[in-house]
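Asker: Pasting a structure here, questions to come.
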Amino acid sequence: MINQLKERRTIRQYLDKEIDDSLLNELLETAFRAPTTGNMQVYSVVVTRQQENKERLAPAHFNQPTVTQAPVVLTFCADFNRFVKWCELNHAQPGYDNFQSFVTAAIDALLVAQQFCTAAELSGLGCCYLGTTTYNAPQIAEALHLPRLVIPITTLTVGYPAHTPAQVDRLPIEAIVHHESYRDYSPEDIQRLYAYKESLPENQQFIAENHKETLAQVFTDIRYTRENNELFSKIYLDFIVKQGFKLPE
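Take 4 as the starting number for the sequence shown in my numbering and just add one per residue.
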């Protein structure tokens, strides 16, 4: 199992083969055994199988082909709607329309998503996380009819792999693990820890194709710009408030 986990890959292309309801439900039930704050399970998962509904979601995910080609699309949501209604029906006064509660539910949703992803991959399926979920949350919420106190957090496309792509690089363990306390990085540390990533032919190609001097510039100037980060930050924060969560003043 450890070797399988270490060999995992993101799969964006799938065979034209449906996932049985029994398998999907088993994987979801396995995911729901993930840790959850206070055993509240403040998350929900929207399963999208119908092609017309996948096509409705696709623009919010920048029309990535994996959305419409995957047999199943799963949208994992932070969800205090259900828990609040349970409290109110049982003469309890919920105080969960705040940023702390949103973060709690978002963490729960991500834990469930990753446990599903792991179980699915161990069962022979492939998955792809879509980071676009937080970029265009309002459109996703409209397509899925999400009510108050429900926020989309992440999306997985799921299916049987049509190919086995090469594994992408990872930083060495020493770049990430800090023993006992955080040890900050010197310039020499940074150069050493990122040297392998920067040397890879595919990353050298990114630099050349984008007419940049360094791989870091590809990230800051092309892939994840300040302008886009600030734009999508405002969209997401405004949507969180619209859905009923109050941000700290």
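A virtual CB, placed ideally from N, CA and C, is assigned to each residue, including glycine.
The model shown is predicted, which means the values in this text are computed figures rather than measured ones.
Assuming leucine 26 and threonine 158 are in contact, meaning their beta carbons sit under 8 Å apart, how far apart are those beta carbons, in whole angstroms?
Answerer: In fact, because the Cβ distance is near 19 Å, the residues do not count as touching under 8 Å.
Asker: Of the choices Asp241, Ala165, Asp224, Gln117, whose alpha-carbon is the least far from that of tyrosine 17?
Answerer: Considering only alpha carbons, the answer is Ala165.
Asker: So, is alanine 95 buried or exposed, given that buried needs 16 or more other C-beta atoms within 10 angstroms?
Answerer: Burial call: exposed.
Asker: For asparagine 213, I'd like the list of residues in its chain whose CB is within less than 6 Å of its CB, leaving aside the five on either flank, ordered along the chain.
Answerer: Val221, Ile225.
Asker: Residues in its own chain within less than 7 Å of alanine 116 by CB, not counting five upstream and five downstream?
Answerer: Phe79, Thr157, Leu159.
Asker: To the nearest angstrom, how far is the alpha carbon of asparagine 66 from that of asparagine 231?
Answerer: For asparagine 66 and asparagine 231, the distance between alpha carbons rounds to 18 Å.
Asker: Would you identify the three-state DSSP class for phenylalanine 86, choosing helix, strand or coil?
Answerer: In this structure, phenylalanine 86 counts as helix in the three-state DSSP scheme.
Asker: Under the rule that 16 or more other beta-carbon atoms within 10 Å means buried, what is valine 171, buried or exposed?
Answerer: Burial call: exposed.
Asker: Going by the CB atoms, is the gap between phenylalanine 235 and proline 141 shorter than 8 Å?
Answerer: No. Outside cutoff.
Asker: Lysine 200 to leucine 128, Cα distance in whole Å?
Answerer: Straight-line Cα distance between these residues: approximately 28 Å.
Asker: Going by CA-CA distance only, name the one from Asn56, Ala122, Ala81 that's closest to threonine 33.
Answerer: Ranking the options by Cα distance to threonine 33, first place goes to Ala122.
Asker: Would you mind stating whether isoleucine 154 and glutamine 246 have Cβ atoms separated by less than 8 Å?
Answerer: Yes; because the gap between Cβ atoms is below 8 Å, this pair is in contact.
Asker: Please list, in chain order, all residues of the same chain as asparagine 101 whose beta carbon is under 6 Å from its beta carbon, the five residues on each side excluded.
Answerer: Closer than 6 Å at Cβ, skipping near neighbours: Lys249.
Asker: Bridge partners of cysteine 80, per DSSP?
Answerer: Paired residue(s): Ser47, Pro155.
Asker: Contact check, cysteine 131 vs isoleucine 5 under 8 Å by CB: the rounded distance?
Answerer: Contact flag wrong, Cβ pair sits at about 22 Å.
Asker: List in chain order: all unbroken beta strand (DSSP E) runs of 3+ residues lying wholly within the segment 79-153.
Answerer: List check, beta strand (DSSP E) in window: 129-133.
Asker: Considering only DSSP beta bridges, list what glycine 41 is partnered with.
Answerer: Per DSSP, none; premise fails for glycine 41.
Asker: Is the separation between the beta-carbon of phenylalanine 83 and that of alanine 108 shorter than 8 Å?
Answerer: For phenylalanine 83 and alanine 108, yes; Cβs fall inside 8 Å.
Asker: Here's the rule: buried if 16 or more other CB atoms are within 10 angstroms of the residue's CB, otherwise exposed. What is valine 75?
Answerer: By the neighbour-count rule (16 or more Cβ atoms within 10 Å), valine 75 is buried.
Asker: Label histidine 181 either buried or exposed according to how many other C-beta atoms from any shown protein chain fall within 10 Å of its C-beta, with 16 as the threshold for buried.
Answerer: So histidine 181 ends up on the exposed side.
Asker: Can you list, in chain order, the residues of its chain with a C-beta nearer than 8 Å to that of glutamine 54? Leave out the 5 residues immediately preceding and following it.
Answerer: Closer than 8 Å at Cβ, skipping near neighbours: Thr71.
Asker: What do you reckon, are the CB atoms on alanine 37 and leucine 114 nearer than 8 Å?
Answerer: Cβ atoms of alanine 37 and leucine 114: closer than 8 Å.
Asker: With a CB to CB cut of under 7 Å and the five nearest residues on each side skipped, what residues in its chain are close to leucine 30?
Answerer: If we look at leucine 30 and ignore the five residues flanking it on each side, its Cβ neighbours are Phe119, Ala122, Ala123, Ser126.
Asker: Mind checking whether leucine 147 and valine 49 have CB atoms under 8 Å apart?
Answerer: Taking 8 Å as the Cβ cut-off, leucine 147 and valine 49 qualify as a contacting pair.
Asker: What residue ranges within the segment 154-241 form continuous alpha helix (DSSP H) runs of no fewer than 4 residues, ordered along the chain?
Answerer: The qualifying runs are 190-196, 198-202, 204-212.
Asker: Going by DSSP in three states, lysine 20 sits in which element: helix, strand or coil?
Answerer: Three-state result, lysine 20: coil.
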